[in-house]
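A.B. asks:
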Amino acid sequence: MSQGVDWTGELASVDGRIVPAADATVPATDDGLLRGDGAFEVVRVYRGRPFALGDHLDRLRRSLENLRLASAFDRDRITARIDALLEQRDAGGFDGALRIVITRGGHELLLTEPIEPRPAAVRLALVTYAPPRILDGVKSLSYAANMLAGRLARERGFDEALLVTPHGRVLEAPTASFFWVDSDGRLCTPPLDEHILASITRDRLLALLDVVERPITRDELASGREAFLASTTREVQAVSAIEDTVFPAPGELTRRAAELLSKRIASELAA
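57 is the number that this note's numbering gives to position 57 of the sequence shown; each next residue is one higher, with no gaps.
Encoded structure:
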């Protein structure tokens, strides 16, 4: 370890070499940078322990296989490097996120990141989006469309985007799954065959709650009773409005989902 280096902030592992995150680099010729060609995962870390790491690594492997980049994936190597990075970062004390990036150029980047504070509830703007079907099942580095959707929503004074197809089918937020309680009181979420991400947090909630997977149209949203977003870093976050439709935030089922997910996370970490 180099003398005089500040190891108290965020760290990175670049192909196994641990450095301060601000000093992490990949070659400018890497197609992961030039073309967004590669895959990534973001893992929540609680007190130094990565949650659902096995599920995230499984999805990373599937993403790389679908991109025809499977040769870049070595589960044992990545796991060992994650352990080394989190041990160096602050074993048992780090509460944040771990980003795993594999590029077409064959580089492996691991980054510890802080979790930015989020509001208890968010207002969503509808943004038209056509999913690229060739990337089904891939959590790729090509995230420009998702990021632009969020910026378009914020330009209009909202907190986040809710992606909707040109035909009016509700999908997800740029970095979160969408759940909505319909006029009959049923908790619903769009099915995976709408070409949305197979979210790990979504999967946990489907196991914990009575959820109907069905297509949701933008016209139905106004008749809903409540809504929330779910993701690795936000867990469950209430939605207070979608365009001009206002929801209780949090609603009864949103509170229930947050409570059950929190207990499930604690149970898995304890196990």
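We treat Cβ as the ideally placed atom computed from N, Cα and C, and that holds for glycine.
Determine the closest residue to D193 out of P174, A161, G137 and D55, with distance taken between C-alpha atoms.
C.D. replies: In the sequence shown, residue 193 corresponds to position 193, counting from 1. Answer by Cα proximity: G137.
A.B. asks: How should K263 be labelled, buried or exposed, when 16 other C-beta atoms within 10 angstroms of its C-beta is the threshold for buried?
C.D. replies: Along the sequence shown, read from residue 1 onward, the residue named residue 263 stands at position 263. Label assigned to K263: exposed.
A.B. asks: Within a Cβ cutoff of 8 Å, which residues of the same chain sit near E226, ignoring the five residues on either side of it in sequence?
C.D. replies: Taking the first residue of the sequence shown as 1, we reach residue 226 at position 226. Only W180, V181, A238, V239, F247, P248, A249, P250, G251, E252, L253 and T254 meet the Cβ criterion.
A.B. asks: Here's the rule I'm using: 16 or more other beta-carbon atoms within 10 Å means buried, otherwise exposed. How should P114 be labelled?
C.D. replies: In the sequence shown, counting from the first residue as 1, residue 114 sits at position 114. With fewer than 16 Cβ atoms within 10 Å of its Cβ, P114 is classed as exposed.
A.B. asks: What number of angstroms, rounded off, separates the C-alpha of Y143 from the C-alpha of L260?
C.D. replies: The sequence position of residue 143 within the sequence shown is 143, counting from 1. The sequence position of residue 260 within the sequence shown is 260, counting from 1. Roughly 30 Å between the two C-alpha positions.
A.B. asks: If you check the beta carbons only, do L85 and L11 fall under 8 Å apart?
C.D. replies: For the purposes of this step, residue 85 is taken as the residue at position 85 of the sequence shown. For the purposes of this step, residue 11 is taken as the residue at position 11 of the sequence shown. Closer than 8 Å, so yes.
A.B. asks: Compute the beta-carbon to beta-carbon distance between Y129 and A149, rounded to the nearest angstrom, for a pair I have assumed lies under 8 Å.
C.D. replies: Here residue 129 is taken as the residue at index 129 of the sequence shown, counted from 1. Here residue 149 is taken as the residue at index 149 of the sequence shown, counted from 1. The pair is a contact, with the Cβ atoms about 6 Å apart (cut-off 8 Å).
A.B. asks: Could you give the first and the last residue of the continuous alpha helix (DSSP H) run that contains T232?
C.D. replies: Reading the sequence shown from its first residue, position 232 is the one you call residue 232. From DSSP, T232 is part of no alpha helix (DSSP H); its letter is neither H nor E.
A.B. asks: Restricting to runs no shorter than 3 residues, where is the beta strand (DSSP E) found entirely within the stretch 1-60?
C.D. replies: Correct list: 11-14, 17-20 and 38-46.
A.B. asks: What is the DSSP secondary structure of R156, reduced to helix, strand or coil?
C.D. replies: Your numbering for residue 156 matches position 156 in the sequence shown. The answer is coil: DSSP assigns R156 none of H, G, I, E or B.
A.B. asks: Taking 7 Å as the limit between beta carbons, can you name the residues of its chain near L64, skipping five residues before and five after?
C.D. replies: As a first step, residue 64 is located in the sequence shown; it is residue number 64 there, counting from the start. Counting only Cβ-Cβ distances below 7 Å, and skipping sequence neighbours, we find A39, A70, A72, F73 and I102.
A.B. asks: Contact between the stretch 188-203 and the stretch 46-65 is defined here as three or more beta-carbon pairs at a separation below 8 Å; is this criterion met?
C.D. replies: The stretch 188-203 is in contact with the stretch 46-65.
A.B. asks: Could you have a look at S183 and say whether DSSP puts it in helix, strand or coil?
C.D. replies: Walking along the sequence shown from the start, residue 183 turns up at place 183. Residue state, collapsed to three classes: coil.
A.B. asks: Along the chain, where does the beta strand (DSSP E) that runs through V126 open and close?
C.D. replies: For this step, residue 126 is matched to residue 126 along the sequence shown. Here residue 126 turns out to be Leu, not Val, going by the sequence shown. Taken as a continuous stretch (DSSP letters only), the beta strand (DSSP E) holding L126 covers A121 to T128.
A.B. asks: According to DSSP, which residues form a beta bridge with E113?
C.D. replies: Here residue 113 corresponds to residue number 113 of the sequence shown, with the count starting at 1. Partner(s): A97.
A.B. asks: Hey, could you find the ends of the beta strand (DSSP E) E213 is sitting in?
C.D. replies: Taking the sequence shown and counting its residues from 1, the one referred to as residue 213 is at position 213. From DSSP, the beta strand (DSSP E) with E213 extends over V211 to E213.
A.B. asks: Buried or exposed: which applies to I134, given that a residue is buried once 16 or more other Cβ atoms fall within 10 Å of its Cβ?
C.D. replies: By one-based count along the sequence shown, residue 134 stands at place 134. Exposed, by the Cβ-count rule.
A.B. asks: Would you report the Cα separation of R186 and A97, rounded to the nearest angstrom?
C.D. replies: Here residue 186 corresponds to residue number 186 of the sequence shown, with the count starting at 1. Here residue 97 corresponds to residue number 97 of the sequence shown, with the count starting at 1. For R186 and A97, the distance between alpha carbons rounds to 32 Å.
A.B. asks: Pop quiz: L205 and V211 are said to be a contact at Cβ under 8 Å. What is the actual Cβ separation, rounded to whole angstroms?
C.D. replies: By 1-based counting over the sequence shown, the position of residue 205 is 205. By 1-based counting over the sequence shown, the position of residue 211 is 211. Going by Cβ atoms, the distance from L205 to V211 rounds to 7 Å, so yes, they are a contact pair.
A.B. asks: Once DSSP output is grouped into helix, strand and coil, what is the label at T189?
C.D. replies: Position 189 of the sequence shown, counting from 1, holds the residue named residue 189. Note: T189 maps to strand in three-state DSSP.
A.B. asks: What does DSSP give as the partner residue(s) for R169 in the beta ladder?
C.D. replies: Locating residue 169 in the sequence shown gives position 169, counting from the first residue. DSSP output for R169 lists T217 as bridge partner(s).
A.B. asks: Measure from the alpha carbon of E220 to the alpha carbon of each residue in S177, I242 and S231, then state which is nearest.
C.D. replies: What you label residue 220 is simply residue 220 of the sequence shown in a count that begins at 1. If we check each option's Cα against that of E220, I242 comes out closest.
A.B. asks: What span of residues does the alpha helix (DSSP H) with E243 cover, start to end?
C.D. replies: Here residue 243 refers to the residue found at position 243 of the sequence shown. Taken as a continuous stretch (DSSP letters only), E243 belongs to no alpha helix (DSSP H), as it is neither H nor E.
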